[in-house]
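Peer 1: One structure coming up, written as structure tokens, with questions to follow.
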Amino acid sequence: MRRIFSTKEETPGVIAGLLAILLLHFVLLLPTYPENVVPRAFFFLPVELPILILLFAVPLGRLALLGRWLLALALTVFTVIKIANIATFLGFNRPFNPIVDPALVVIAVETLGKTSAELMVGAVAGAVILIFIVAALFFGVARAIPARRNAMLVIGGLLLAAALGARFTPYSAYAVHEATTFTKDQVVNLERTLAAAEQFKRDVTTDPFRAISGERLLTRLKGHDVLLIFVEAYGRTAFDAEGPLAQLRESEAALRSAGYNMRSAWLVSPTFGGASWLAHGTFVTGLWIEDHQRYNTLFVSDHQTLIHDFSRAGWRTAAVMPLFTRPWPEGAFFGFDSIYTANNLGYAGPPFGYITMPDQYVLSAFHTREMTAPDRKPVMVEMALNSSHLPWTPRPHFLPWEDVGDGKIFATARDGEDVDMDWLAPAKMRAQYELAIAYAIKTVFSYAETQVKAPALVIVVGDHQPVSLVSGTSASHQVPIHILARDPALLESFTGWTDGLIPAAQSPSWKMDAMRGHILKSFSEP
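For any residue, its number in this note's numbering is found by taking its place in the sequence shown, counting from 1, and adding 841.
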């Protein structure tokens, strides 16, 4: 009888086969949730392992080679999606979506502070190399296991018997089928994504407020400026740190002294850790825009937004997007009368890494251009403040408003390292985040306190939580929202909201897409 394990000359083939089995074991048990990637996760027997060994080893006639290559390809896709899940959870606290997320690779690289074409190419090349390496490993598996077919058949049979036998013993928990569950979940999520995309195409054609005439729209806000200000990465996580909380208390006291009334609550953002434009679009459209596919669908529709609503009601509308250094074709869809970007805000100071200019300069430049003109119409502005954007270093000093000028002063009025984010030091990241958020809070509320003199409704809202390495993978999608006005009657519709700038635990938590409808219903004629 031929021996299963043969001479020394065949030993390398056996070792290659065993290494192939170890690779399969590792990949099948690799968790997709970062905090679960611990040694204990690999001390189980995946029931799919013996099945794969047998599929690779069993002779299948003429179809054997094609079957093994297809199996290797499927395992490559399986592994790449698992790795992508870990990366997506680390940044955005959600699983990877193979349909909508690949389009965000370039944006993700920019978010890390890299904007050059060379680094964009490098990021794509890195992803291609990773896929190539994974594919090479599994095509190696497809060669190594059949090379010692008899031995692999025996090992596969023994492992299969162990897995099935475990189901009838107290050790059944050690025979797991996580890979099958993961694969099934991917199919279900694919179906849900496609169905949600079709539903959104129907939703975007429906606008219950479109038929309201401009004369009836927003009549209770006539004569008031409306400032919708998004603060980057201002999430509920910020309220776990004393620095931002202390700044909120200080700003609240100053605003009360300046005659302001305040209400605060929580909103649920459609995004986490990045993709701020999804939150902006959700707020102003009243549609739940949780991925780039929906965002693109919006722009081939004629759906109205809060910007259109204010424009129809007689306001001058403006967008202030200081991070934009390239054309913004979406701006035409929203219908702004003026759009201010990094290219036309007149900033003469140095950039702050990825951040083109400090928040204080952005507010000062907007104020000069839109809020000081004589005999002007009321202004409705959507603004994105970005000094609290990752990597949160360096940070600008907060200056007397009259000293801001053209921004040259920020060449020296700055703190922190002018370096990229240290992803291996989450405690340091969090400390820098807290300092950056405290600066953003101080700046935006100081502007309302000292610079806004005309009647105004000021809405300050976070776009999303910071990345998971700072906020944690168990954090919610909640962000704070603050409504400010010197006229207390303007805040009457925000019932149940907390008085002041620090929303209580029992404060309402609304989905962000509810805000357009609430504003229109609260401030328009019935």
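Even glycine gets a Cβ: it sits at the ideal position worked out from N, Cα and C.
Does the distance from the C-beta atom of residue 890 to that of residue 869 stay below 7 Å?
Peer 2: Yes. Within cutoff.
Peer 1: What residue from 1346, 1347 and 1100 has the CA that sits closest to residue 1380's CA?
Peer 2: Since the displayed the chain opens at 842 and closes at 1367, residue 1380 lies outside it and no answer follows.
Peer 1: Could you check what DSSP says for residue 1107 in three-state terms: helix, strand or coil?
Peer 2: Residue state, collapsed to three classes: strand.
Peer 1: Classify residue 1075: buried if its beta carbon has 16 or more other beta carbons within 10 angstroms, exposed otherwise.
Peer 2: When all chains shown are included, residue 1075 counts as buried.
Peer 1: Would residue 1348 and residue 1338 qualify as a contact pair, given that the criterion is a beta-carbon distance under 7 Å?
Peer 2: It is a contact, given that the beta carbons lie within the stated cut-off.
Peer 1: Leaving out the 5 sequence neighbours to the left and right, which residues in its chain are closer than 6 Å to residue 1363 when beta-carbon positions are compared?
Peer 2: Answer for residue 1363: 1334, listed in chain order.
Peer 1: Report the option in 1361, 1300 and 1360 whose CA atom is closest to the CA atom of residue 1070.
Peer 2: Closest by alpha carbon: 1300.
Peer 1: Taking contact to mean at least 3 C-beta pairs separated by less than 8 Å, is the region 1028–1038 in contact with the region 1115–1124?
Peer 2: The region 1028–1038 is not in contact with the region 1115–1124.
Peer 1: Thinking residue 1102 and residue 1344 are a contact (beta carbons under 8 Å), I'd like their distance in whole angstroms, please.
Peer 2: Incorrect: roughly 15 Å between the Cβ atoms, too far for contact.
Peer 1: When DSSP labels each residue in this structure, what does residue 1306 get in the three-state scheme?
Peer 2: Of the three classes helix, strand and coil, the one that applies to residue 1306 here is coil, per DSSP.
Peer 1: Assuming residue 814 is part of the beta strand (DSSP E), what are its boundary residues?
Peer 2: This structure cannot settle anything about residue 814, because the visible part of the chain is limited to 842 through 1367.
Peer 1: For residue 1123, list the residues DSSP reports as bridge partners.
Peer 2: Looking at the DSSP assignment, residue 1123 forms no beta bridge with any residue, so it has no partner.
Peer 1: For residue 1169, list the residues DSSP reports as bridge partners.
Peer 2: DSSP, once it has assigned bridges, lists no residue as partnering residue 1169.
Peer 1: Confirm, please, whether the CB-CB distance from residue 905 to residue 985 is below 7 Å.
Peer 2: Contact flag unset, no.
Peer 1: Report yes if the C-beta distance between residue 997 and residue 895 is below 7 Å; otherwise report no.
Peer 2: For residue 997 and residue 895, yes; Cβs fall inside 7 Å.
Peer 1: Taking the DSSP output, what are the residues bridged to residue 1350?
Peer 2: According to DSSP, residue 1350 bridges with 1107.
Peer 1: Bridge partners for residue 1193 per DSSP, in chain order?
Peer 2: Partner(s): 1196.
Peer 1: Going by C-alpha to C-alpha distance, which of 1218, 1041 and 1319 sits closest to residue 1113?
Peer 2: Ranking 1218, 1041 and 1319 by Cα distance to residue 1113 puts 1319 first.
Peer 1: Please work out which residues of its chain come closer than 6 Å, Cβ to Cβ, to residue 1175, disregarding the five sequence neighbours upstream and downstream, and give them in chain order.
Peer 2: Closer than 6 Å at Cβ, skipping near neighbours: 1146 and 1148.
Peer 1: Is residue 1199 closer than 7 Å to residue 1165 when the C-beta atoms are compared?
Peer 2: Cβ distance not < 7 Å, so residue 1165 and residue 1199 don't count as in contact.
Peer 1: Looking at the strands, I want to know which residues DSSP matches up with residue 1297.
Peer 2: For residue 1297, which the question treats as bridged, DSSP gives the partners 1066.
Peer 1: Could you compute how far the alpha carbon of residue 1143 sits from the alpha carbon of residue 1310?
Peer 2: So the alpha carbons of these two residues sit roughly 38 Å apart.
Peer 1: Is residue 894 near the ligand MG, in the sense that its beta carbon is under 6 Å from a heavy atom of that ligand?
Peer 2: Among the ligands in the structure shown, none appear at all, so the ligand MG cannot be discussed.
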